[in-house]
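Colleague: Residue numbering for the sequence shown follows this note's numbering, starting at 936 and increasing by one per position.
Backbone N, C-alpha and C fix where the C-beta goes; we use that ideal spot for every residue, glycine too.
None of these values were measured; they are calculated from a predicted model.
Structure below; questions to follow.
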Amino acid sequence: MGTLLGSVITHAFQRQASRRSEAFARSEALRQERMATYSAFAEAAEQYRHGQADRWYRKKAEPEGEAFLVARDEAHRLRTVAR
């Protein structure tokens, strides 16, 4: 009887430990996915900021020049990526 009771209790504790480790693994995977997403967004926002600055400087230098048109198009592309 003691052996049977011991195995039932052990089974219950192992099942509980298994559930905890699965929950931890899920939460850790979610945390890593969120960090990757936040990092990708921060990178896109920073690239957009640089694109906007480049566009502004190109417009100041030569408002109708080819460099400004290219910078403008690139700034629009980067805005779309950031969104």
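(1) Rounded C-beta distance between A1006 and R993? I'm assuming under 8 Å.
(2) Name the two residues that bound the continuous alpha helix (DSSP H) containing E1009.
(3) Could you tell me whether the stretch 995-1012 touches the stretch 962-974, where touching means 3 or more Cβ pairs closer than 8 Å?
(4) Which of the three DSSP states, helix, strand or coil, is assigned to E997?
(5) Check whether the Cβ atoms of Y983 and R1014 lie closer than 7 Å to each other.
(6) Do you know offhand how far E968's Cα is from A960's?
Modeller: In terms of the structure at hand:
(1) Within the sequence shown, residue 1006 is the residue found at index 71, counting from 1. Within the sequence shown, residue 993 is the residue found at index 58, counting from 1. By a beta-carbon distance limit of 8 Å, A1006 contacts R993. Their separation comes to about 4 Å.
(2) In the sequence shown, counting from the first residue as 1, residue 1009 sits at position 74. Note, E1009: alpha helix (DSSP H), E1001 to A1017.
(3) Pairwise C-beta distances place the stretch 995-1012 out of contact with the stretch 962-974, as fewer than three of them are shorter than 8 Å.
(4) Taking the sequence shown and counting its residues from 1, the one referred to as residue 997 is at position 62. In this structure, E997 counts as coil in the three-state DSSP scheme.
(5) To locate residue 983, count along the sequence shown from 1; it is residue 48. To locate residue 1014, count along the sequence shown from 1; it is residue 79. By the CB criterion at 7 Å, Y983 and R1014 fall inside the cutoff.
(6) For this step, residue 968 is matched to residue 33 along the sequence shown. For this step, residue 960 is matched to residue 25 along the sequence shown. Here the alpha carbons of A960 and E968 stand approximately 12 Å from one another.
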